[in-house]
Structures are given as structure tokens and as C-alpha cells.
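In short: position in the sequence shown from 1, add 502, done, that's this note's numbering. Working notes for the structure below.
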Amino acid sequence: MKHHWLFIFFLLHCLSACQEAQPTKLEQVVQELPRSSHSYNNLHRAAYYRQQVKEDPMYRQDHQFSVALELLRAGESQEAYQLFNNLYQLPPDSLIFTSQSSELFRSELLRYMALASFRLGEQENCIINHHHASCIIPLSPAAVHQLPKGSRQSIASLEQLLQSQPEDYESRYLLNLAYMTLGQYPDGVPQPWLISHPILLPAERWFKDVSMPQGLDVEGLAGGVIAEDFNNDGLTDLLISDWDIQTNLRLFLNRGQDGWQEVTAPSGLGDVPGGLNLVQADYNNDGWMDLLVLRGGWLGLYGKIPNTLLMNQGVTDELIPTFKDVTKTAGMNSALPTQTATWADFNNDGWLDLFVGNESAVTYQYNPSEFYLNQQDGTFQEKGAEAGLLISDSAQKSQFIVKGVASADYDHDGWTDLFVSTRDGKNFLMKNLGNDSQGIPVFEDVTERSGINPYQKTFTCWFWDYNNDGWEDLLVSGFHSEARYDGKSIAEDFGRELAHLPHSATTGLLYQNMQDGTFRNVTAEKGLDKILYMMGGNFGDIDNDGWLDFYCGNGEPDLRAIIPNRMFRYNGAMFEEISSHGFGHIQKGHGAAFADFDNDGDQDIYMVMGGFYQGDIYRNMLLENQHNSDNHHIKIRLRGISSNRSGIGSKIQISIASGDTVRQIHRRVNSGGSFGASSLEIHIGLGQALLVDSLRISWQGSGTKQIFTKLPVNTSYIIDEEAGIVKNDGTSDQLSLSKEPDR
């Protein structure tokens, strides 16, 4: 269940046996990072503070508290509780804590005793005795804790804390959850502290976690996911990661009626260390989907870990794709902390380029973002400075902790633009002005004049056309809470939101494209002025009604951030929260991907679960769509010739009959959110339409435009930029194709 750093020796043995004698930069990091004292190496840090208890008796209680905290983060919840309790049982006048008074210290001890007990209950009931409904609120009867010790201990500490601090909404909220784990919510919650909200009340389950019977309930820490057809058999596969570089990537092939097959070892991924995020692209236009592993995010000075570019070499006789590490030969062998990147054809040459958003964790550590231009021969050249994409505040001479990036041609000028989200209270909308004399696209910061508030602390972001007007809008998740300055977490703000009280957290930010180069903040009027504390997330159309919905993987490294993942459905006018229909998982959510994994016509969701601290592990989940909808759909996969092979950035416009009117639905080929990658096969809901009257493709880069008419619904299409619709036998059908002149 736990991640033990001693596993490093086995990995090193493999590396030394399989690689050249001189270690690479990545091998060096694999060797050195587990021995370092970075914030997430918690067992190592606990051992250090135990030694300090002996060597530094003047601050013995400080060090004992630190030991308990590191053990809690390492997953040793029972021992951590006992150590916190030992300190709490000392006479108040004997407590000497350097950072606060004894009264505040005792309150903090109670808070952590409650947390350690709550974590113990989760470990014993949700992880060891896992159930498909575990930790998904509102808890179903089958998910009520069978081992109640942890929850009962937590309730005792929380109620004691609330006696002296009744306005502590972090504790109120956790108290309600603790009673829910015992099957006693809402009736058993003491009335003064009861929080009643739809997200906590029973509702019909539209989605069910089926990862256990499918063999996809991989246990680990925060990581990324790609839902994609890696072997070109028409089925969507899964590639997942864990930020712990002692783990490796894992590839599961979708075998249709035969279930899922893990092919990590034969695919060549068994020796590729884990990473915090993954993004896919056919960067060399050979028809096989490649991938990039991103590493180092959250680790600050310890985050200089190389990313890895993996080239898909095609398949074996068993249709197993094989991958080759081409990072160095491709010219991407840098080592700067990151978790986010976006592939796009920024210079319109038909080949995908790459922007990587890096983290400058402290003022003296300058880690510029990187901009790699595809040289069309398997290599890239870094041109961040020339393009104006280092991402810094030139006036303040400061750099930023980039947490999310997204790309789209938001102003319809034919050039792909860029949005950059940071934790530092500065966001950037970078307009692509086109290529300079050297063929390098040049970008201009237009954030303020575009109407986007640059001064927000944010995380996950994406461009999408939520209102189907043909123009890309922007969703950005807020990632800031004043509660942390009072010794609490985002759970304080979430509890206050549920109680319909003001809170200090930055809400989600929805910007509508006004079609004139500017955006308007429509967050409140569209129902999204809620806490979207996304570390990961993505969007899709779960009910095939033609409107995009989205799923939030909420949380932060802090173990106290026990807030549920949230799901929002758009009905054409407002976003309505449907988290209680099987989505409200209270473990930390990260990489998310939408895809029709079981080919039944509706989109499912795979999410990588788990936090960042050593013991904050959980099992990933595959949420199968069981919502009864009789709406129709089509699926489209593009095959570029003059444009990039996957058609990334290309626009799709569908016209269908809707009553007495013609309805248009707009999509753009991309993998979705900035943390988690959906398939580049675009799934489009059509509502009750029985026929696609017209399908228009505007190919990114080349300017090619195609129009197809009278297409059957509930069908998957491969569309070639030159040949038109590709039939199952490999031939093409141009009968419904008309081609407009290039722009």
C-alpha cells in the first residue's frame, strides 16, 4: 500500500544492467531524489526530526510535532495520531511551542488528531477494503465504513474543537463527513453543526466506478492520463503515470470484448520512470501517437528532472505499440520543473510544436518556459526567447510557477494563441502575431486589453466553445484561499460555501469570447461562481446533448484539503452541478480523460487519483457512464496531409435539424484540459438528431476546408484531408465531399 523509498535500489540495479555505465541526468535524479529532504519525502523527514528530538531538547516539542506530521503525510496515521495525542495530554503550562501560544498549539493538535483519525478510517475502509463506491459522497449504504474506529476518533476531536471554535467551518464540514462514513448523516450530526447541501444528499448514480473488475484500479500518487488509440485498432487505450519516479508508466490496451490488457513491459515503457503529467501528439506525422512525460512540478529546487519524449514505433504482431526514448536526439533534453505543456502547430507549417510551462519556485531560481519548434526531421529547436514566451513580468523582473497552459486560435486570425495560468497571481494571454523573417512565431501579451483579469492565482485551464457560437471561450480554475493564513485549508472555504456563507477562495473563472478579441467574465451568470480547486480536470459531453460538460479533480497537496471532485453539466443556458450523481470523490483527483472506452455511444471518464505526499495514495477510477440518454452522437478522427497528422487545432462545425430550426455544434481537435488528456478522436453529441445535415472541417495550418453532407449518426468517421471519409476497408468516399479553396 505504501511507497517505500528502498525500492530505489532495485530500480538502480535495472538501470545499471540495462544502460551505459555513465548515468544519464534522469538516472542521476532517480538515484538522488529519494535521499533528499524535499517536502514530500516524508519517511526520510520523519527520521530526521526523530534525531532532532534527541539532539535539540530545547525544541523537543516542535520536533515531536514535526515527526507526527511527517508520519501522517507518510501514511502512518495511527502512529501519528498517538504522537499528536501524547503532546495534547501534556499539561498546558508545560507546552513550549516556538511558533504559537500553548492554547493555539492545543487547537492545532486537536485538528491534526481529527485528521489523522479521519485518514485512518479512509485507509482501513476505502483503500484496504475498497468498494466501487468508496469515498464518493454522498456515501451509498454499501460504502459506509465497516471499521468505524477512525471516524469515531475523528468525531471526538472535532466536537471538542467545535466547542471552543463553533465558527470553524473546516471542522464542521469534516464532522459532517465523519458522521456520513458511519451512516449517521444527517440525522446523527449535532444540530448546531449540521451542514445540509444537495452535494451531501442521496441522488441517483449516473456513473459507476468499474475500475476494479476491469483491472484498472491502479494504486498510487498524483499523475497523468492519456486516453488514446495507441495501436490504431479503433479502440481507446489508457496510458497512466504516477509522479513518483520510482514507479513507471503503465499502458493498458483496450481489447474490446476481451477486456483490458496491460502491455507496459513489451511496449518498452517498463523502464520509463513516472511523471506528474502526460500529453500526446503525433509529432513526426507518421500516423502513430507519441507522448511526452512531464516531471518536476511542485518540487521546487528538487524539480529539475528531465522530461521524456517517447516515439511510437508502430505495433508488433500482437498489436502492441512499442516506444523509444528520443528525448536527447529530438533536442528536448532539458530538466526544468513542470507539469504542463501544449502541442499545437504555432507556425502553420503542418508540424506540431510544443510549449512547456515551467515553474520558477523561488525568486533566485529562474526557470523560463520553453517553446520548441518542430524542424520536420524528428528534432526541435527551443525558441522561447525569440518568440517572447519565457513567461516573466519584465517590469518586476519576476518569473512564475506555471500550473496550466492551453492553446487555441481565439481571435480567428489563423494563428494559434496561448494562455498561461500560474499560482503567483499573474495569468497571460499571449496572442500569436505570426511568423517573423526566420519563421518563428512571435507572441504579444494582450491579457489586460482582452478583458481577462491577469491578477488571479489559478491552476487548470482550457479553451473550449461552451456556448457553441464557433469562438473559443476560456475556463480557468481558481487556486487560492485565505484560510491557509489562519492555519486552515481549502476545506474551510468549501464548508462555508456549502453553508451559503462568504468564503475567501478564488472561484472558477469562465470567460466568454466576445468575437472581437476580448473576453467577458460570465462566471456568476452561468452558475460557476463556485470553488473549482482543480489540480486536474477535463471536459466532454456526458449526455450527448451537444453541450460540453466538465469534471473537476479537486484538492492540493495539503492532507486537510478533503473536498470532493465536482461535475458540472451545461444545459445550454446554465451550468448545473451534478456531483452527487456519482462524481463526488473526496480523494484528490488529478489527470482526467473523457472517452467512450466501452464503445456504447456515450463518454466515460478515467481519473488518476492520489495526492503528492508519500502516503496520500488512492486507487484510480474508471467512471462508466450509466446515464440513460437516448441522444445520438458521431465520432470523428482526422488524418492530416498538409496539416498535422492528427488535425490538432482543426475546427469542426456540425449542422443538424433541431425542431423547426437548424442547430450548429462546434468542436476543435484537442485533448482537453491542461492536466489529463482526452482522446483526439472527437466525440460529438447530437441530441435527438437523426442525421448530420452537414459536417464542415477547417484544417489547422493548411487552411483546407471540407464539407460533408447527409451523414448517418451513431457512427465513427476517419476523415482524410485529401481523400475524404475513409471506409472500414481503407478506401475513401468522396461522394459527400466538397472542397473549398485554401485560404
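Every residue gets a Cβ at the ideal spot worked out from N, C-alpha and C, and that includes glycine. Given the structure is predicted, the values throughout are model-derived calculations rather than measurements.
Residue closest to residue i, alpha-carbon to alpha-carbon, out of the options
| i | options | result |
| --- | --- | --- |
| N1260 | E1079, G953, N1056 and L1003 | Nothing can be reported for residue 1260, as the shown portion of the chain is limited to 503 through 1245. |
| T844 | I1154, A1095, P823 and L780 | L780 |
| I1107 | H1135, R1169, D967 and G1038 | G1038 |
| Y614 | S743, E624 and Y583 | Y583 |
| R1169 | Y968, N787, E984 and I1227 | Y968 |
| Y868 | E888, F902 and D847 | F902 |
| K1207 | D1195, A1191, L801 and A1225 | A1225 |
| A1095 | V1110, L1034 and K1032 | V1110 |
| R654 | F620, D744 and Y1035 | F620 |
| L528 | L676, G776 and S1218 | G776 |
| Q648 | N627, I638, Q667 and P668 | N627 |
| R1139 | N1133, I1065, I1150 and H1129 | I1150 |
| G1103 | N543, L875, L684 and T738 | T738 |
| P1059 | F857, G1161, G799 and F996 | G799 |
| Q940 | T1020, N1122, I1209 and Q877 | Q877 |
| L892 | D1043, N1015, V858 and P559 | V858 |
| D995 | M560, L660 and Y671 | Y671 |
| S656 | D1098, G623 and A1007 | G623 |
Close Cβ partners of residue i (< 7 Å) along its chain, the five nearest in sequence each way excluded
| i | result |
| --- | --- |
| E706 | H1083 |
| P688 | L696 and S698 |
| Y957 | G927 and K928 |
| S769 | L753, I822, P823, T824 and F825 |
| A618 | L574, S579, A582, Y583 and F586 |
| Q566 | V555, L585 and L589 |
| D788 | none |
| K806 | G798, A837, L838 and P839 |
CB-CB length for residue i against residue j, believed under 8 Å
| i | j | result |
| --- | --- | --- |
| F1114 | L535 | At roughly 14 Å, the Cβ-Cβ gap does not stay under 8 Å, so F1114 and L535 are not in contact. |
| E884 | E872 | 5 Å |
| E1223 | I1156 | Rounded, the Cβ-Cβ distance is 18 Å, inconsistent with contact. |
| E950 | K933 | With a Cβ gap of about 12 Å, E950 and K933 do not count as contacting. |
Backbone CA spacing between residue i and residue j [nearest angstrom]
| i | j | result |
| --- | --- | --- |
| S836 | D919 | 24 Å |
| E999 | D1045 | 28 Å |
| F586 | D595 | 17 Å |
| L801 | S541 | 8 Å |
| W458 | T818 | The structure shown does not extend to residue 458, since the chain is modelled only from 503 through 1245, so no value can be given for it. |
| T962 | E557 | 44 Å |
| V720 | V904 | 28 Å |
| F921 | L545 | 38 Å |
| A549 | S568 | 10 Å |
| H1002 | E610 | 26 Å |
| V532 | V774 | 11 Å |
| N1146 | D847 | 7 Å |
| V555 | S673 | 30 Å |
| F803 | K959 | Note on identity: in this sequence residue 803 is Leu, with Phe being the wrong assignment. Each residue's Cα considered, the two are about 21 Å apart. |
| N1195 | Q1166 | The sequence given here places Asp at residue 1195; Asn does not occur at that position. Cα to Cα, the separation comes out at about 10 Å. |
| N786 | D1031 | 42 Å |
| M1123 | L676 | 23 Å |
| Y990 | R1062 | Position check: residue 990 holds Lys in this sequence, whereas Tyr was assumed. For K990 and R1062, the distance between alpha carbons rounds to 8 Å. |
Beta-carbon gap between residue i and residue j smaller than 8 Å
| i | j | result |
| --- | --- | --- |
| L812 | L793 | yes |
| G1048 | G1187 | yes |
| H1087 | V1215 | no |
| N1056 | M1036 | yes |
| I1154 | I1199 | yes |
| S1176 | A908 | yes |
| L977 | L1012 | yes |
Contacting residues, own chain, Cβ-Cβ under 6 Å from residue i (five flanking each side not counted)
| i | result |
| --- | --- |
| P704 | P640 |
| V727 | I742, G1093, A1095, Y1108, V1110 and G1178 |
| N937 | N849 and P943 |
| T881 | A832 and G833 |
| L1034 | S979, G1010 and C1054 |
| A635 | S642, A644 and A645 |
| L751 | S743, L771 and V774 |
| A910 | F965 and E974 |
| M791 | E730, F732, Q782, D784 and N814 |
| K710 | E1126 and Q1128 |
| G690 | Y681 |
| I1064 | A993 and I1088 |
| S1218 | K1137 |
Contacts around residue i, its chain only, beta-carbon distance under 8 Å, and the 5 residues preceding and following it disregarded
| i | result |
| --- | --- |
| L821 | N733, D735 and L755 |
| A576 | K504, N544, L545, A548, Y1115, Q1116 and G1117 |
| L935 | W917, P943, V944, F945 and E946 |
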